[in-house]
Amino acid sequence: MDCSAQYQALGISPAVYQLGEDILSHLKPRFEAIDQVAEYNQNKVLFAMQKNRLNATHFAGSSGYGYNDEGRDNLERVYADVFHTEAALVRPQITCGTHALTVALSANLLPGDELLSPVGAPYDTLQEVIGIRPSPCSLAEYGVSYRQAELKADGTFDYDAIAAAINEKTKLITIQRSKGYVARPSYSVKEIGELIAFCKAKKPDVICMVDNCYGEFVDTIEPSDLGADMVVGSLIKNPGGGLAPVGGYICGTKTCVDRCGYRLSAPGLGQEVGANMGLLTSLYQGFFLAPTVVSGAIKGAIFAANLYEKLGFAVVPNSTEQRNDIIQAVTLGTPEGVLAFCKGIQAAAPVDSYVTPEAWDMPGYDDPVVMAAGAFVQGSSIELSADGPIRAPYTVFFQGGLTWYHAKFGILQSLQKLVDAGIVTL
Ligand SMILES: *Cc1c(COP(=O)(O)O)cnc(C)c1O
Numbered sequence: 048m049d050c051s052a053q054y055q056a057l058g059i060s061p062a063v064y065q066l067g068e069d070i071l072s073h074l075k076p077r078f079e080a081i082d083q084v085a086e087y088n089q090n091k092v093l094f095a096m097q098k099n100r101l102n103a104t105h106f107a108g109s110s111g112y113g114y115n116d117e118g119r120d121n122l123e124r125v126y127a128d129v130f131h132t133e134a135a136l137v138r139p140q141i142t143c144g145t146h147a148l149t150v151a152l153s154a155n156l157l158p159g160d161e162l163l164s165p166v167g168a169p170y171d172t173l174q175e176v177i178g179i180r181p182s183p184c185s186l187a188e189y190g191v192s193y194r195q196a197e198l199k200a201d202g203t204f205d206y207d208a209i210a211a212a213i214n215e216k217t218k219l220i221t222i223q224r225s226k227g228y229v230a231r232p233s234y235s236v237k238e239i240g241e242l243i244a245f246c247k248a249k250k251p252d253v254i255c256m257v258d259n260c261y262g263e264f265v266d267t268i269e270p271s272d273l274g275a276d277m278v279v280g281s282l283i284k285n286p287g288g289g290l291a292p293v294g295g296y297i298c299g300t301k302t303c304v305d306r307c308g309y310r311l312s313a314p315g316l317g318q319e320v321g322a323n324m325g326l327l328t329s330l331y332q333g334f335f336l337a338p339t340v341v342s343g344a345i346k347g348a349i350f351a352a353n354l355y356e357k358l359g360f361a362v363v364p365n366s367t368e369q370r371n372d373i374i375q376a377v378t379l380g381t382p383e384g385v386l387a388f389c390k391g392i393q394a395a396a397p398v399d400s401y402v403t404p405e406a407w408d409m410p411g412y413d414d415p416v417v418m419a420a421g422a423f424v425q426g427s428s429i430e431l432s433a434d435g436p437i438r439a440p441y442t443v444f445f446q447g448g449l450t451w452y453h454a455k456f457g458i459l460q461s462l463q464k465l466v467d468a469g470i471v472t473l
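Structural data, given as structure tokens:
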């Protein structure tokens, strides 16, 4: 079947559509490989649900203290089985990824301990958590010191610098899998495993934590399969499958996760409190769909990389590189380019498609930032979304797409807006 007439009715010109089809005709083998990863991960999630005898009673809502919430406890067993960890904390009370990481860090670091990032500066929001940028209640205020080993110029690990940074105070090593919004590679699980092995050889009892945001289900293994003591992420990214309306997770050793439970609620209470507020069906079902949703987002990222690289724009990762997360960066080179791209993503959204994104002075950023998102869940970045600071080299970061077809449509719309603005000529 040919959808070209339908695309034309939705504002995509025949030239844009045809370019997209030409690009796609070369991507079949890569898409097949992505489908295989999704199939493997689908089975992994399914078997974990079967093993834990998931049944209708596990979807029941709870309120108040949430004592004896079997559905909540079973969801945590399912997560622990998928990540191959002893324990898991998966809660709607964890408000976002930054909160999950904060719980994991502050539960496992005590005054006098040192935190080490062997992969350069951590994600923006964590800088205040750690106290790199001073903030009330930062780890620094509580007497936790911080050290970081810079990456080598090509973005690989500087093992000499890491070895030199590990000392008698080093208690926890935090490794960010995804590049986030900086110019360095995202790391494969295998690379992270090698880094963990190196750190543990140097200091066997050090806790290795991985910020797993945007990385879940991109590969058939997770960092917890290669030695991570904790993997941490947000449910409005990959593992929520687009259905989770809120939440975060921490999977890891029983010792580490127990402490996270006490930190999240209160010493003595731990994981025994925390009502599910009727959200369990979406958390289970979203986790069930997540491998497929992630595969669609990766296809969209690869499609965009190939399309924009062909048009002469710099793209990271490039058209052929292995994928380690769902983020794609496209350098458009002008403010108008960033705006047009984001307009296209917005125009393609199922929600708020009629609004025009504009750059604004967001708190915490030095330059105006433009963001495009028309999501069912506010701020969800497993849904198709794009954002870019209005500053040289004018790079837009985009990610997500609940289905591959929607990601494809959004990317074609972004190109259409660039054509309409006279920035790209086909
Ligand atoms: C999204 C993200 C976080 C956490 O961000 P929240 O917006 O608080 O969910 C942390 N680290 C990385 C690498 C991320 O991509």
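Mind the numbering: the sequence shown is residues 48 to 473 in the working numbering, read in order.
The C-beta atom is built at its ideal place from N, Cα and C for all residues, glycine as well.
- Task: Classify tryptophan 451 as buried or exposed, calling it buried when 16 or more other Cβ atoms lie within 10 Å of its own Cβ.
- Result: Here residue 451 refers to the residue found at position 404 when the sequence shown is read from its first residue. It counts as buried.
- Item | Separation of tryptophan 407 from aspartate 413, as counted between CA atoms | Locating residue 413 in the sequence shown gives position 366, where the first residue counts as 1. Locating residue 407 in the sequence shown gives position 360, where the first residue counts as 1. Straight-line Cα distance between these residues: approximately 11 angstroms.
- Would you list the residues sitting across from alanine 351 in a DSSP beta bridge? Here the question's residue 351 lines up with position 304 in the sequence shown. In DSSP, alanine 351 forms no bridge with anything.
- Message: Closer than 6 angstroms to a non-hydrogen atom of ligand 1 - does that hold for the CB of tyrosine 54?
- Response: What you label residue 54 is simply residue 7 of the sequence shown in a count that begins at 1. For ligand 1, not one heavy atom lies less than 6 angstroms from the Cβ of tyrosine 54.
- Message: Given a cut-off of 7 angstroms on the beta-carbon distance, is the pair valine 320 and cysteine 298 in contact?
- Response: Your numbering for residue 320 matches position 273 in the sequence shown. Your numbering for residue 298 matches position 251 in the sequence shown. The answer is no: Cβ separation not under 7 angstroms.
- Query: Is alanine 196 near proline 165, with beta carbons less than 7 angstroms apart?
  - Reply: Counting from 1 along the sequence shown, the entry for residue 196 is found at position 149. Counting from 1 along the sequence shown, the entry for residue 165 is found at position 118. Taking 7 angstroms as the Cβ cut-off, alanine 196 and proline 165 qualify as a contacting pair.
- With a Cβ-Cβ cutoff of 7 angstroms, do leucine 358 and valine 229 count as a contact? In the sequence shown, the residue the question calls residue 358 occupies position 311. In the sequence shown, the residue the question calls residue 229 occupies position 182. Not a contact, by the Cβ cut-off of 7 angstroms.
- Query: Are the region 292–310 and the region 340–350 touching, with three or more C-beta to C-beta distances below 8 angstroms?
  - Reply: no
- Could you check which residue in Pro251, Pro181 and Glu238 has the C-alpha nearest to that of aspartate 205? Along the sequence shown, read from residue 1 onward, the residue named residue 205 stands at position 158. Checking every option, the nearest Cα to that of aspartate 205 belongs to Glu238.
- Item | Assigned secondary structure, phenylalanine 444 (DSSP; H/G/I helix, E/B strand, else coil) | Counted from its first residue, the sequence shown places residue 444 at position 397. Residue state, collapsed to three classes: strand.
- Message: Suppose the cutoff is 6 angstroms on Cβ atoms and the five residues either side in sequence are ignored; what does the same chain contact list for cysteine 389 look like?
- Response: As a first step, residue 389 must be located in the sequence shown, where it is residue number 342. Hits under 6 angstroms: Pro404, Val417, Ala419 and Ala433.
- Message: In chain order, what are the residue ranges of uninterrupted alpha helix (DSSP H) at least 4 long that sit wholly in the region 377–415?
- Response: 382–394
- Query: According to DSSP, what are the bridge partners of glycine 14?
  - Reply: In the structure displayed, the chain extends from 48 to 473; residue 14 sits before or after that span and is not available.
- Query: Should glycine 448 be counted as a contact of ligand 1 given a C-beta to heavy atom distance under 6 angstroms?
  - Reply: By 1-based counting over the sequence shown, the position of residue 448 is 401. Outside the cutoff, so no.
- Message: Tell me which residue opens and which closes the alpha helix (DSSP H) that glycine 113 is part of.
- Response: As a working note, residue 113 is residue 66 in the sequence shown. Where glycine 113 is concerned, there is no enclosing alpha helix (DSSP H), given that its DSSP letter is neither H nor E.
- So, are the CB atoms of serine 109 and alanine 313 less than 7 angstroms apart? Position 62 of the sequence shown, counted from the first residue, corresponds to residue 109. Position 266 of the sequence shown, counted from the first residue, corresponds to residue 313. Not closer than 7 angstroms, so no.
- Leaving out five residues before and five after glycine 448 in sequence, what residues of the same chain have Cβ atoms less than 6 angstroms from its Cβ? Walking along the sequence shown from the start, residue 448 turns up at place 401. Once the five neighbours on either side are set aside, the close Cβ partners of glycine 448 are Gly343, Ala344, Gly347, Leu431 and Ala454.
- Could you tell me which residues DSSP puts in a beta bridge with leucine 431? Translated into positions along the sequence shown, residue 431 becomes position 384. According to DSSP, which records beta bridges pairwise, leucine 431 is partnered with nothing at all.
- Message: Cutting at 6 angstroms between CB atoms, please list the residues of its own chain near glycine 227, excluding the five before and the five after it.
- Response: On the sequence shown, position 180 is the one that residue 227 refers to. Answer for glycine 227: Tyr170, listed in chain order.
- Message: Does the beta-carbon of glycine 262, which I'm using as the reference point, lie nearer than 6 angstroms to any heavy atom of ligand 1?
- Response: Counting from 1 along the sequence shown, the entry for residue 262 is found at position 215. Every heavy atom of ligand 1 is 6 angstroms or more from the Cβ of glycine 262, so no.
- Message: Any contact between the region 208–215 and the region 239–259? By contact I mean 3 or more CB pairs, one from each, below 8 angstroms.
- Response: yes
- Assuming valine 253 contacts proline 270 (C-beta within less than 8 angstroms), just tell me the rounded distance between them. Your numbering for residue 253 matches position 206 in the sequence shown. Your numbering for residue 270 matches position 223 in the sequence shown. In fact, because the Cβ distance is near 15 angstroms, the residues do not count as touching under 8 angstroms.
- Mapping DSSP to helix, strand and coil, what is lysine 250? Here the question's residue 250 lines up with position 203 in the sequence shown. Lysine 250: coil per DSSP, three-state reduction.
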